Amino acid sequence: MPADPVSKLAAALASAAGADVELERPGEAEHGDYATNVALRLAGTRRQAPREVAAEIAEAAAGLEGVERAEVAGPGFVNLFLRDEWLSAALAEILADEDAFGGGGVGEPERVQVEMVSANPTGPLHVAHGRNGAYGDAIARLFALAGHVVEREYYYNDAGGQMDRFRASVEAARRGEEPPEDGYRGAYIEDLAALKGDPVPLMLKEIETSLERFRIHFDSFRRQSELELLLPELLPRLDTYEKDGALWARSSAHGDDEDRVLLRSGDRSPTYRAADVAYLVDKLDRGFDRAIYVLGADHHGTRNWYAAVARMLGYDPERVEVLLYQMVNLTKGGEQTRLSRRRGDIVFLDDFMDEIGVDAARWYLVNRGPDQTIDLDVDLASERSQKNPVYYVQYAHARIAGILRNAPDNASNKLLLAGPLAPEERELVKRLAELPSVVADAVEKRGPQGVPAYAIRVADDFHRFYHEHRVLESEQQEFRLGLCRATRTVIARCLGLVGVDAPDRM
RNA sequence: GCGCCCGUAGCUCAGUGGACAGAGCGGCGGACUUCUAAUCCGCGGGUCGGAGGUUCGAAUCCUCCCGGGCGCACCA
C-alpha cells in the first residue's frame, strides 16, 4: 500500500460517514486543515438540509484519530482541524515510503508504450519536437511512477518522397547545385554535404544525440521501411476497396472521418497510412496493453484513423491512445518565428537548449497544459533565467541539501515533537502529502503541467518555512530534519518527472 | 463549409461543479552579524470573451454568438 496519508484520512471519514469523501485543502486557515463538501453532495439524495448532514459527518469526523475537531461551516462544508500528531505521523509515512512516495495507486499495472517525437530524419529536431518529447517523456515518467511498465519508442519515417527529396538535396549540395524544387535547404544540409555517404544515418545519429542531451532515452526505434514489409500480409485483413486505380481503406465505416488511400494509383507504392497499419499491429502484437501516440495538434485528424484501424483488425480501440499537444510559437526580440521546416529561421532544439539550458527547456515545455499553445520569448527565458520558476524550485532543493550536509551524523530519525508545530511546518507537511493526488491527477488527465505547478508550491512553502525557522540546533531539530529530507525527496521527484535536474548546490 | 484547441490580472499562464478567482513576471515599498537573499514580507492590479440555460451553487456543464490558432493530400 503506497503512502498516502490524506487518502487514508478520507477513507476513515468515508466509512464513518457512510459515503465517499474527498478532502481538499481550503484556502483559508480558519477553514481548517482539510475540508469536504460531501454533505452538500449528499443533501440532495438524502432529502435533508445540507447543514444537518454536515453536522452528522462532523460528529463522526471528530471521533477519528488525529482529528482535533470538526466544524460545520458555510452552506454545509465540514472542516477538519488536525492534531500535530497526525502531521507527524504523515511525515513519518512519507519518509518510510521514500523511494516510492507519490507512486503506486494503479490497480492493474499495464505494459505501456509511449511513442514520441518521431520526427522525419530530414533535418535536426526543432522546438516543436522538443515539446513532443518533453510532454511524452513526462507522461512516460508519470506512468512509470504510477506503477506501469513503460517503454519509449521513436518511429522513423525513413521511406517515401520526403526522404527522396532530402537525399536529393544533400546530393545537390555536394555537386554545388541548388536543391530541387521541394527540397531542403539550410546550413545543416551543407554540413551533411561535407560528409561522406548516405545522409540519413548521419541525421539519425544527430537526432539521437539531441534527444539524449534533452534527457529522453528511447528503448527502441522502429523504421517505416521495415514495417512496410509486413503490408502484403496485413492489407488483406482490412476493409478495403479499389477506386481510381488506388487501394482505399473503408475507414469511414469504422469511425474515421473519411476513407484513406493505402496504395497509390500508378506504382501501387504504400502511403504512410499503410505503414500506420503495420505499425499499429506491430505495437499491439508486441504485447503492449496500451499504445500511446504523442502527436502535434495538426495531426488531430489521425485520432479517428488509428481507432478505425484497430477496429478493422479486431483490436480493442481503447488500447490505442492519441495524445495531442498544441503548437509552440517562439518569439525572439519580439519577432515571431514560424516553426516551419522549409525556412531558414527555425529554431532548432539544440539552439534552444544552448540558449536557455536543458533544465529550463524541459520545464517550459511541460509547464503548460498540452491543449495550450505555448508562446515563449527565447530572449526573456534566457535573460531572466535567475527568476525562472525552475531555478526557484532547484534553489529550494539546494538549500535543503546544504542543511543536510551540515547536519550532525548522529541525528536521530525519530521525528519526536519537542513542542507544538509552527504554521509553516504544518503547511509544508500538508503540501508534501499532496504529491500522490498530484501524480494521480496528472496521469489521469494525461497532463503533466500540474507537477511543475505543484513543485513551485512546495518550494514556496519550504522557502517560507526556512525563512521563519532554523533547522540545525533548534529544539525541533529532529522533526525539522525529517521535514527537510521529505521535502527534498518530493522536490527531486517532481523535477525528475519533468526531466529537470535537482542540484545539491547552486 | 466541416473538425479539433484556445479566450481568466499590464504580460505569460494555473485553476473543469463548491466558501471572498490564484501563481510567476513586470510596478511600488520593506527585511541579510543566523543552516545558500537565486530567499522572505507587504501594497496595487480581474465585467473569468459575450448572451442565455442547468444547479442549492458555474471560470468550470449545455446552447448560441464573437475573436484567435491548427487541420481537412494518392506529403509525413
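If you use the working numbering, the first sequence corresponds to residues 517 to 1022, in order.
Glycine included, each C-beta is placed from N, C-alpha and C at the ideal position.
Bear in mind that the values here come from a model prediction, so they are computed numbers and not experimental data.
- Ranked by Cα distance from Leu892, the first of Val874, Asp875, Tyr911 and Phe868 is Phe868.
- Between the C-alpha atoms of Asp805 and Gly663 there is a straight-line separation of about 14 Å.
- Within the same chain, and ignoring the five residues on either side of Arg599 in sequence, the residues whose Cβ sits closer than 8 Å to its Cβ are Gly582, Val583 and Glu584.
- Between the segment 762-780 and the segment 693-706 there are fewer than three C-beta pairs closer than 8 Å, too few to call the two in contact.
- Annotated three-state conformation of Gly812 is strand, per DSSP.
- Going by DSSP, Asn922 is part of the alpha helix (DSSP H) stretching over Pro905 to Asn922.
- For Glu669, the enclosing beta strand (DSSP E) begins and ends at Val665 to Tyr672.
- For the pair Pro591 and Asn922, the Cα-to-Cα distance works out to about 50 Å.
- Rounded to the nearest angstrom, the Cβ distance from Leu988 to Val945 is 19 Å, too far for a contact under 8 Å.
- At the C-beta level, Asn673 and Gln740 come within 8 Å of one another.
- For Gln678, the enclosing alpha helix (DSSP H) covers residues Gly677 to Arg690.
- For Arg738, no alpha helix (DSSP H) run applies; the uninterrupted beta strand (DSSP E) run containing it begins and ends at Ser736 to Arg739, by DSSP.
- Closest in C-alpha terms to Ala527, from the list Glu538, Ala519 and Val974, comes Glu538.
- In the three-state DSSP reduction, Leu611 falls in the helix class (H, G or I).
- In its chain, beyond the 5 residues on either side, Arg657 and Ala1018 have a beta carbon closer than 8 Å to the beta carbon of Gly1012.
- If you compare the alpha carbons of Gly579, Thr552 and Ala578 with that of Pro566, the shortest gap goes to Thr552.
- With a threshold of 16 other beta carbon atoms within 10 Å, Gln888 falls short and is exposed.
- Taken in chain order, the whole alpha helix (DSSP H) runs of length 4 or more contained in the segment 713-765 are 715-729, 740-743 and 747-750.
- Across the set Trp602, His733 and Ala571, the C-alpha of Trp602 shows the shortest separation from the C-alpha of Asp520.
- Burial of Ser685 is indicated by the presence of at least 16 other C-beta atoms within 10 angstroms of its C-beta.
- Partner residues in the beta bridge of Phe593, as assigned by DSSP, are Ala589.
- Taking the C-beta atoms as reference points, Tyr841 is found no nearer than 8 Å to Arg915.
- The C-beta of Leu727 has 16 or more other C-beta atoms within 10 Å across all chains shown, which makes the residue buried.
- When secondary structure is reduced to three states using DSSP, Phe864 falls in the strand class.
- Remark: C-beta atoms of Gly646 and Leu997 do not approach each other more closely than 8 Å.
- The residues Gly771, Asp772 and Asp773, in chain order, have a CB closer than 7 Å to that of Asn820 in the same chain once the five nearest residues on each side in sequence are set aside.
- One thing to note: Leu920 has its Cβ no nearer than 8 Å to the Cβ of Ser604.
- Counting only unbroken stretches of 4 or more residues, the alpha helix (DSSP H) elements lying wholly within the segment 969-1019 are 993-1013, in sequence order.
- Taking 8 Å as the upper bound for CB-CB distance, Ser781 and Gly803 are not in contact here, some 37 Å apart.
- In this structure the segment 957-964 touches the segment 875-890; the number of beta carbon pairs closer than 8 Å is three or more.
- Burial is judged here by how many other beta carbons sit within 10 angstroms of a residue's own beta carbon; Tyr880 has at least 16 and is buried.
- Its chain contains Ile916, Leu944, Leu948, Val974 and Phe978 as the residues whose beta carbon lies nearer than 7 Å to that of Thr1003, once the 5 sequence neighbours on both sides are disregarded; these appear in chain order.
- Arg681 is positioned such that its CB atom lies no closer than 8 Å to that of Phe734.
- Here the alpha carbon of Val622 sits roughly 30 Å from the alpha carbon of Val793.
- Around the beta carbon of Ser634, 16 or more other beta carbons lie within 10 angstroms, which makes this residue buried.
- Cβ-Cβ separation between Leu746 and Met828: approximately 15 Å, too far for a contact (criterion under 8 Å).
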